[in-house]
Amino acid sequence: MSETSQEKRFYVLRVISGKEDKAKELLDREKERKPLEGHVFEVIVPTENVMVQRGSKKKIVEKPSLPGYILIEAILDNDIIHTLRNMPEIVGFLGANNQPEPLANYEVERMMRRLDNQDDEAVNVSFMVGESVKVTDGPFTGFSASVEEVYNDKKKLKVMVKIFGRKTPLELGYHQVEKE
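Next up, the structure:
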């Protein structure tokens, strides 16, 4: 990048995989000091909620959706590029020949919208009594069931599964069923 850019743009920084949060902390601290002061504005680690199973326990954890990458909003010049490249945990910029290329506005908007809506997607699952669902997890995987009760506060359902011609009640989490 030979010329200096005087407008704030989003860029992608390559970081050591697994060190995204540490790099963000470092950049957040350093952006208030010289030489980054007034040049780096926002640092974002794109994340997603992922269900992880350890033994019989399942839980949702937040993991980077782009491992090894973070987004920064910055005004870049040669000194700032050099400073960022030489910081711990940072490998370089995403772009041709390791030269920073700003993200297009539509890419930034799409990514921000996805990050904002991520929590809403997990919360907006709604089931109705009498609705037909398919069990996707547990010993009854593949069985069809009908919803008898909905416990929104617990994110659980009471469903009836037909096994050997008899209806059997089960209590399942939202993550264990899908709508048919």
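Heads up, the sequence shown is in our numbering, so the first residue is 658 and it goes up one at a time.
Every residue gets a Cβ at the ideal spot worked out from N, C-alpha and C, and that includes glycine.
Legend entry - Contact under 8 Å by Cβ, L667 with V765: Strictly speaking, residue 667 in this sequence is Phe, with Leu absent from that position. Taking 8 Å as the Cβ cut-off, F667 and V765 qualify as a contacting pair.
Inset, instruction - Would you decide whether K681 is buried or exposed? Buried here means 16 or more other CB atoms lie within 10 Å of its CB. - result: Per the 10 Å Cβ criterion, buried.
Legend entry - Distance between beta carbons of F821 and V804, contact taken as under 8 Å: The pair is not a contact, with the Cβ atoms about 21 Å apart (cut-off 8 Å).
Inset, instruction - Return the chain-ordered list of same chain residues with a C-beta closer than 8 Å to the C-beta of K665, the five sequence neighbours on each side being excluded. - result: Around K665: F698, E730, A731, I732.
Inset, instruction - With a 10 Å radius around its C-beta and 16 neighbouring C-beta atoms as the bar for buried, classify I737 as buried or exposed. - result: Flag for I737 reads buried.
Inset, instruction - Please go through the same chain and pick out, in chain order, the residues whose beta-carbon is closer than 8 Å to the beta-carbon of P759, but skip the five residues on each side of it. - result: If we look at P759 and ignore the five residues flanking it on each side, its Cβ neighbours are S662, R666, F667, Y668.
Legend entry - Within the segment 806-830, ranges of the beta strand (DSSP E) (whole runs, at least 3 residues): For secondary structure counted as the beta strand (DSSP E) over 3 or more consecutive residues, the segment 806-830 holds these complete runs in sequence order: 813-820, 823-830.
Legend entry - alpha helix (DSSP H) runs contained entirely in the segment 703-746, provided each spans 4 or more residues: Complete alpha helix (DSSP H) runs here, min 4: 735-742.
Legend entry - C-alpha distance - L829 paired with P721, whole-angstrom precision: Each residue's CA atom was taken as its position, placing L829 and P721 some 28 Å apart.
Legend entry - Host beta strand (DSSP E) of K791 (start-end): Here the beta strand (DSSP E) through K791 covers 789-792.
Inset, instruction - Output the distance between the C-alpha atoms of K791 and M744, rounded to the nearest integer angstrom. - result: Approximately 50 Å between the Cα atoms of the pair.
Legend entry - Neighbourhood of L768 by C-beta, 7 Å cutoff - its chain only, sequence neighbours within 5 removed: According to the sequence as given, residue 768 is Met; it is not Leu. Correct list, in chain order: P703.
Legend entry - Proximity winner among K819, K812, R771, relative to E705 (alpha-carbon distances): Comparing alpha-carbon positions, the option among K819, K812, R771 lying closest to E705 turns out to be R771.
Inset, instruction - Spatial neighbours of R742 within its chain, please: CB distance less than 6 Å, with the 5 preceding and 5 following residues excluded, ordered by chain position. - result: So the list reads G749, once near-sequence residues are dropped.
Legend entry - Range of the contiguous alpha helix (DSSP H) that encloses L683: It spans 677-687 - the alpha helix (DSSP H) in which L683 sits, taken as one unbroken run.
Inset, instruction - Identify whether V765 lies in helix, strand or coil by the three-state DSSP scheme. - result: The answer is helix: DSSP assigns V765 an H, G or I state.
Inset, instruction - Identify every residue that forms a DSSP beta bridge with V697. - result: Looking at the DSSP assignment, V697 forms a beta bridge with A731.
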